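Add 35 to the 1-based position in the sequence shown for the working numbering, that's all there is to it.
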Amino acid sequence: MSPEERDPPGVVRVRAPNPSLLTLDGTNTYVAGGWVVDPGPDHPGHLDAVMEAAGGRIEGIALTHSHFDHSEGAQPLAERAGGVEVRLPE
């Protein structure tokens with residue numbers, strides 16, 4: 036694996052099970068410092084994996100853009116996490 040392919044320390048990548056021409060091997064969701072970036076699809080198994088990667092505690096969710104493959108799971112994940120804030124790009 037090249038250095039460009041490694042995630043920085045403290046960042047966990049969770050790949051969604053939604054491979055396609057748009058997502059290639061699947062949407063990458065990142066968990067860092069209690070925040071989830073691009074939660075991916077509303078797929079129960081994926082959202083379970085994201086919650087597990089976050090240690091069951093999510094402080095907030097950030098979206099880099101509104102494409103469904105990155106944003107569809109935002110509201111369901113926010114609800115699972117106790118109604119945390121979802122931040123959208125400006």
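Virtual Cβ for every residue (Gly too), placed ideally from N, Cα, C. This structure is a prediction, so every number in the text was calculated from the model and none was measured.
Between which residues of its own chain and Gly75 is the CB-CB distance below 6 angstroms, once the five residues before and five after are set aside? Ala51, Thr62, Thr64, His81, Gly108
With distances taken Cα to Cα, identify the nearest neighbour of Leu193 among Gly90, Phe103, Ile93. Residue 193 is absent from the structure shown; the chain starts at 36 and stops at 125.
Would you say the beta carbon of Glu87 comes nearer than 7 angstroms to a heavy atom of the ligand SAH? Ligands in the displayed structure: none, and consequently the ligand SAH is not present.
Under a CB-based cut-off of 8 angstroms, is Leu123 close to chain C? Absent from the structure: chain C. Only one protein chain is present.
With DSSP as the reference, label Glu125 as helix, strand or coil. Here Glu125 sits in coil by DSSP.
With burial defined as no fewer than 16 other Cβ atoms inside 10 Å of the residue's Cβ, what is the status of His100: buried or exposed? exposed
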